[in-house]
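Visitor:
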Amino acid sequence: MSLYEEINKILENYLSERLSFRERLLLLGKIQEKLKEEEIPLRKIEEELKCFFTEISQADLYELKKLHYFLTRFAIRVFEETGAVKDVHLICSEGRDFILKRTIEIVNSELGPFPPFVWVALGSAGRKEETLSTDQDYLLIYEDGADDEIFKGMAQRVVDSLEEVGIRKCKGGVMPTNEKWRSSLAEWKERLEKTIKTGKGPLSTLDLMILMDSRFLTGDTTLWEGFRNMMPRLVENKALVREMLEKIIFIPLPLGLFGKFILEKDGPHKGKLNLKTGGWAPLVVLIRLMACLYRIDETSTLKRIEALRDKEVLSLELSKDLIEAYHILMGIRISFQKELILKGEEDSNFIDPSLLNSQDQKRLRFALRKIEELQKLAHEIFFGGGYG
Numbered sequence: 003m004s005l006y007e008e009i010n011k012i013l014e015n016y017l018s019e020r021l022s023f024r025e026r027l028l029l030l031g032k033i034q035e036k037l038k039e040e041e042i043p044l045r046k047i048e049e050e051l052k053c054f055f056t057e058i059s060q061a062d063l064y065e066l067k068k069l070h071y072f073l074t075r076f077a078i079r080v081f082e083e084t085g086a087v088k089d090v091h092l093i094c095s096e097g098r099d100f101i102l103k104r105t106i107e108i109v110n111s112e113l114g115p116f117p118p119f120v121w122v123a124l125g126s127a128g129r130k131e132e133t134l135s136t137d138q139d140y141l142l143i144y145e146d147g148a149d150d151e152i153f154k155g156m157a158q159r160v161v162d163s164l165e166e167v168g169i170r171k172c173k174g175g176v177m178p179t180n181e182k183w184r185s186s187l188a189e190w191k192e193r194l195e196k197t198i199k200t201g202k203g204p205l206s207t208l209d210l211m212i213l214m215d216s217r218f219l220t221g222d223t224t225l226w227e228g229f230r231n232m233m234p235r236l237v238e239n240k241a242l243v244r245e246m247l248e249k250i251i252f253i254p255l256p257l258g259l260f261g262k263f264i265l266e267k268d269g270p271h272k273g274k275l276n277l278k279t280g281g282w283a284p285l286v287v288l289i290r291l292m293a294c295l296y297r298i299d300e301t302s303t304l305k306r307i308e309a310l311r312d313k314e315v316l317s318l319e320l321s322k323d324l325i326e327a328y329h330i331l332m333g334i335r336i337s338f339q340k341e342l343i344l345k346g347e348e349d350s351n352f353i354d355p356s357l358l359n360s361q362d363q364k365r366l367r368f369a370l371r372k373i374e375e376l377q378k379l380a381h382e383i384f385f386g387g388g389y390g
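With the numbering used here, you'll find the sequence shown wraps up at 390, consecutive numbering, no jumps.
1) Hey, does residue 347 have any beta-carbon neighbour from chain C nearer than 8 Å?
2) With which residues is residue 206 paired in a DSSP beta bridge?
3) Any contact of the segment 317 to 329 with the segment 101 to 114, i.e. 3+ C-beta pairs under 8 Å?
4) Assuming the contact rule is C-beta atoms closer than 8 Å, residue 309 and residue 372 should be a hit. Round their C-beta distance to whole Å, please.
5) Tell me the rounded alpha-carbon separation between residue 154 and residue 226.
6) Which one or two residues does DSSP pair with residue 141 in a beta bridge?
7) Looking at C-alpha atoms only, which residue of 190, 295, 366 is the closest neighbour of residue 276?
8) Do you know whose CA, among 231, 68, 340, 177, lies nearest residue 167's CA?
9) Taking all protein chains shown into account, decide if residue 188 is buried (16 or more other Cβ within 10 angstroms of its Cβ) or exposed.
10) In the DSSP assignment, what residue or residues form a beta bridge with residue 353?
11) Give me the Cβ distance between residue 191 and residue 232, rounded to the nearest whole Å; I'm assuming they're in contact under 8 Å.
12) Counting only runs of 4+ residues fully inside the segment 304 to 370, write out the alpha helix (DSSP H) ranges in chain order.
13) Tell me whether the segment 286 to 296 and the segment 246 to 266 touch, counting them as touching only if at least three CB pairs, one residue from each stretch, are closer than 8 Å.
14) In chain order, what residues of the same chain have a beta carbon less than 7 Å from the beta carbon of residue 239, not counting five sequence neighbours either side?
15) Let's see if you can read the secondary structure: which residues bound the beta strand (DSSP E) around residue 45?
16) DSSP three-state call for residue 95: helix, strand or coil?
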């Protein structure tokens, strides 16, 4: 029985006009006991996480590798105890933030001091939605007039160090070692201006969507504000926005007639479905773009859904269903990640839905149908004359 159910059961008998003050005190005492039972293990998790942060802030690279390993195992243990997706997000995102900051401190002591710069999180790190296994998604901004060679060397050292610690390099190259994701503030402004004005340029529509998840990590706050103020401009070019929307709205989901899962027919993933491209990514990306179009200053997917609800873009019912869909998809993803990690196998976005029990298969179908519903709504809003 959940805490909510236990307390409600006690409150069923709490009728002040029918009870003496002693009887009411007795029932309130029982509620306090239940709350204390819930609180004690949560306090232990909080204290253990704080210990991780303290150790990380004093560690060298060798120690950081061990701490990242144990941080991941800690997240697995907490997930097994609570089943909460947001616990994994919090532990992994905040833990890796500390690891990144400590790594930059170490590199600064070796190669610095550096001119003013800001290190920015992107992707799941930017949204604070990291899971048990992740790769690096960052960009770097430095002050105008600074020598790029200095920051090229810094970026290389930080990115290599993070890989040593256990945070993989991004296969798509979204890292400051790639000059596309490293430049002065003036150069960033120039890139964005050229792309937005002409519809062509150094940044693709995918790059623009990636930038929508930008989150400050460490560095010069003035540089960050200068960069952050450009974010609303990412959706100024209507042709580019249309291209972005078409890419997301028309992504086919792996759900066929009568709720049958559409699986890979051949290749190394035969009999499996891609939970990323056919599940949580369409949800996260479409919500991201809608939030940017409606000038919502949030990076978390769940907070963006709530903000879109508050602006009455999403109905109360659909917003609740999308939040549930997000938890379902991420819960399945984390469960499969956990098994791969414990077996020592490489992370994969492909899952075999037949390994899910009947209830989880039903929940997965529900989540995919809700994403289809969101796609249809977005099509009506943006291509049916409901926007602008």
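Ideal placement from N, C-alpha and C gives every residue a C-beta, glycine not left out.
Guide: Reading it off the structure:
1) Included in the structure is just one protein chain, with no chain C present.
2) DSSP, once it has assigned bridges, lists no residue as partnering residue 206.
3) no
4) Residue 309 to residue 372, Cβ: 18 Å. No contact.
5) 19 Å
6) 122
7) 366
8) 68
9) exposed
10) 275
11) 6 Å
12) 318 to 345
13) yes
14) 198, 201
15) Residue 45 -> not in any beta strand (DSSP E); alpha helix (DSSP H) instead, spanning 23 to 58.
16) helix
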